[in-house]
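Here's the structure we're looking at; comments come further down.
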Amino acid sequence: MIGRTLSIWYGVFTCLAVISGRLYPEVSTHTILKQCNLVSLKLATLYLFLLVCWWCFQLTGVLDDCFCDIESIDSFNNFKIYPRVKRLTERDFFRYYRVNLKRPCPFWPDDGHCSNRDCNVEPCPEVRGQPLSSYSKAAAPVSDVASCERPTDLGAINSTLSNQSKEAFVDWDRHDDAQDHFCEIDDESSPDAAYVDLLLNPERYTGYQGPSAWRVWNSIYEENCFKPRSVYRPLNPLAPTRGETREGFYNWLEGLCLEKRVFYRLISGLHTSINMHLCSQYLLDEGWGKSVWGPNVQEFRQRFDPAETKGEGTRRLKNLYFLYLIELRALSKVAPYFDRSFINLYTGNNQEDGATKDLLLQIFNETRAFPMHFDESSMFAGKKLEAKILKEEFRLHFKNISRIMDCVGCSKCRLWGKLQTQGLGTALKILFSEKEIQSLTENSPSSAFQLTRQEIVALLNGFGR
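Positions 18 to 482 (the working numbering) are the ones given, in order, by the sequence shown.
What follows is the structure in structure tokens.
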């Protein structure tokens, strides 16, 4: 309780630092923050952005394309959802993510680089001797499993979600290959794929910036968001007009059908989420052999303050809330999949496995109780043929974005970009599989709908971002 109270006060002083930066520009915000020094910067992050967004940027009101207001989302997330999700993502099943960070960029030569050592990702030792498609107890003998950073059974997280025999996995894997995925699926059998401990590789500032990073996001926005080349998004650093034609862009956006408008807002929300973490976990000081990480208010203002972004900052933050609503809706819809008794989150520790699933079900129960969910039934609701074509176009655009993440020139940025993209792709897969989820039976698996361990880990960690 004391720590929470102190973090609130730290947030107050931080917001005062923002104001002080405006009143006394000769005194740096960083200097003011160091003088405050009331509590660890890590504890203060949530309250920092809550106060800055609400008080300094006046981020309030109803979101577009839905009937939910920002205040309700803040209250629901901060007091009911986030504390549980944070605990969940610290558990073994959710902290290890298998990813191929060496896949070459399919679109252009990779010339990106990071400006500090914190860009690099240290993978866990390779797990050998078991099929990478299974995670049941029978398919993961402890003797064949390597550990990562501490003696934990990692073979348990070589996964698809099933306790069936090895013969059944062959059929499930065949079905996985045939399913319509929203993301480019990493080849888990590739020698370049490795487990990464997400807690030891947090999403934060790496120094990755400039033309390489701009090109990645420019490709995502300009080529994959249903946008004509004659229309440029505001503040686009690569646009010939420098993105000054805001009116033309938003006239185009409002003229889109709901589905295409939703697509753009999801990508913008994802971009905002990534930038938010770069601001909240910034390298403030590096000396005496120890790095100091914490919120960089000036960086946050540069990206989101309406006065410094010509009003774009507020739109970006609202798109982040919209992304949150979409993923929250997906969690509420997928709950029946995990309610079934034979679904296990196996790590080899029965007590922890049970506690992990109980915590996950608690989160699902909370999401079901949220009263202002996004109504996905309004999407793809037109004529059957047109809706089918649009849905497939929607899926292919998103899948292409997941491939662009292989062009990110920073390993840690690529890791979190791929994870969050797969998390959002999994959320979309869930929302577009309502009938299949409703037809699930209690005591047996269904070939109509299933989730791999990678999708489950990405979904919850992406939502936790």
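Every residue, glycine too, gets a C-beta built ideally from N, C-alpha and C.
Here the structure is a predicted model, which is why all the values come from computation and not from measurement.
Selected residue, minimal CA-CA separation from residue i, among the options
{"i": "L283", "options": "G272, L432, L441", "result": "L441"}
{"i": "L16", "options": "H288, R346, R115, R108", "result": "Nothing in the structure corresponds to residue 16, since the chain is present only between 18 and 482."}
{"i": "A8", "options": "L376, F339, E369, G365", "result": "As shown, the chain starts at 18 and ends at 482. That puts residue 8 outside it, with no answer to give."}
{"i": "R101", "options": "A404, E472, V314, K374", "result": "K374"}
{"i": "L275", "options": "N313, I421, G399", "result": "G399"}
{"i": "L287", "options": "F111, I454, A465, K435", "result": "K435"}
{"i": "L378", "options": "N361, F317, G365", "result": "N361"}
{"i": "L457", "options": "S358, R278, T289", "result": "S358"}
{"i": "R482", "options": "C83, E459, E409, R104", "result": "R104"}
{"i": "D86", "options": "V474, F339, E393", "result": "F339"}
{"i": "P462", "options": "F280, E88, Y354", "result": "Y354"}
{"i": "R232", "options": "S395, G328, L80, C424", "result": "C424"}
{"i": "N94", "options": "F387, E409, K429, L407", "result": "F387"}
{"i": "R278", "options": "L76, C83, V474", "result": "C83"}
{"i": "Y17", "options": "Y363, K408, T223, S290", "result": "Since the first and last residues shown for the chain are 18 and 482, residue 17 lies out of range."}
{"i": "S394", "options": "E329, T469, Y238, L448", "result": "L448"}
{"i": "M422", "options": "T364, V474, L215, N241", "result": "N241"}
{"i": "E329", "options": "F111, S92, S285", "result": "S285"}
{"i": "Q298", "options": "F110, L118, T223, F266", "result": "T223"}
{"i": "D81", "options": "C122, T331, A372, W234", "result": "T331"}
{"i": "I488", "options": "Y113, N117, I98, E88", "result": "The chain is shown only over 18 to 482; residue 488 falls outside these bounds and no answer can be derived."}
{"i": "V213", "options": "N117, S464, F466", "result": "N117"}
Buried/exposed call for residue i, threshold 16 Cβ in 10 Å
{"i": "G78", "result": "exposed"}
{"i": "P219", "result": "exposed"}
{"i": "W305", "result": "exposed"}
{"i": "K335", "result": "buried"}
{"i": "D188", "result": "Caution is warranted here: a pLDDT of 43 is assigned to D188, below 50, making its placement in the model unreliable, and the coordinate value is therefore given only provisionally. The residue in question, D188, is exposed, as its Cβ has fewer than 16 Cβ neighbours within 10 Å."}
{"i": "V309", "result": "exposed"}
{"i": "G146", "result": "Residue confidence is low: G146 scores 35 on pLDDT, short of 50, so the model does not pin down where it sits. No coordinate-derived value is stated."}
{"i": "L217", "result": "exposed"}
{"i": "Q368", "result": "exposed"}
{"i": "K307", "result": "exposed"}
{"i": "N253", "result": "buried"}
{"i": "G227", "result": "exposed"}
{"i": "E403", "result": "exposed"}
{"i": "F96", "result": "exposed"}
{"i": "P208", "result": "exposed"}
{"i": "E459", "result": "exposed"}
{"i": "S419", "result": "buried"}
{"i": "N313", "result": "buried"}
{"i": "S350", "result": "Rather than Ser, the amino acid found at residue 350 in this sequence is Lys. Looking at its Cβ environment, which holds 16 or more other Cβ atoms inside 10 Å, K350 is buried."}
{"i": "G371", "result": "exposed"}
{"i": "R519", "result": "Residue numbering for the chain in the displayed model covers 18 to 482; residue 519 lies beyond these limits and cannot be assessed."}
{"i": "R385", "result": "exposed"}
DSSP three-state assignment for residue i, whether helix, strand or coil
{"i": "A211", "result": "strand"}
{"i": "V116", "result": "strand"}
{"i": "D423", "result": "helix"}
{"i": "V138", "result": "coil"}
{"i": "T492", "result": "Residue 492 is absent from the structure shown; the chain starts at 18 and stops at 482."}
{"i": "A372", "result": "helix"}
{"i": "F359", "result": "coil"}
{"i": "R232", "result": "helix"}
{"i": "A324", "result": "helix"}
{"i": "K103", "result": "helix"}
{"i": "Y225", "result": "coil"}
{"i": "H294", "result": "helix"}
{"i": "F96", "result": "helix"}
{"i": "A475", "result": "helix"}
{"i": "D392", "result": "coil"}
{"i": "C430", "result": "helix"}
{"i": "T3", "result": "Outside the displayed span of the chain (18 to 482) sits residue 3, for which this structure offers no information."}
{"i": "R2", "result": "This structure cannot settle anything about residue 2, because the visible part of the chain is limited to 18 through 482."}
{"i": "F480", "result": "helix"}
{"i": "T364", "result": "coil"}
{"i": "K400", "result": "coil"}
{"i": "L448", "result": "helix"}
{"i": "K405", "result": "helix"}
{"i": "T458", "result": "coil"}
Beta-bridge partners of residue i, as assigned by DSSP
{"i": "Y354", "result": "DSSP output for Y354 lists no bridge partner at all."}
{"i": "E303", "result": "S308"}
{"i": "D86", "result": "V79"}
CB-CB length for residue i against residue j, believed under 8 Å
{"i": "R115", "j": "Q471", "result": "6 Å"}
{"i": "L432", "j": "V138", "result": "5 Å"}
{"i": "I454", "j": "F391", "result": "With 8 Å as the limit, I454 and F391 do not qualify as a contact, their Cβ atoms being about 17 Å apart."}
{"i": "T106", "j": "N478", "result": "5 Å"}
{"i": "F317", "j": "F280", "result": "No, F317 and F280 are not in contact; Cβ-Cβ is about 26 Å, not under 8 Å."}
{"i": "R221", "j": "L295", "result": "7 Å"}
{"i": "I483", "j": "L348", "result": "No statement about residue 483 is possible, as the shown extent of the chain runs from 18 to 482 and does not include it."}
{"i": "T469", "j": "F110", "result": "Going by Cβ atoms, the distance from T469 to F110 rounds to 13 Å, so no, they are not a contact pair."}
beta-carbon residue i near the ligand GTP non-hydrogen atom, thresh 7 Å
{"i": "K335", "result": "This structure lacks the ligand GTP, and indeed carries no ligand of any kind."}
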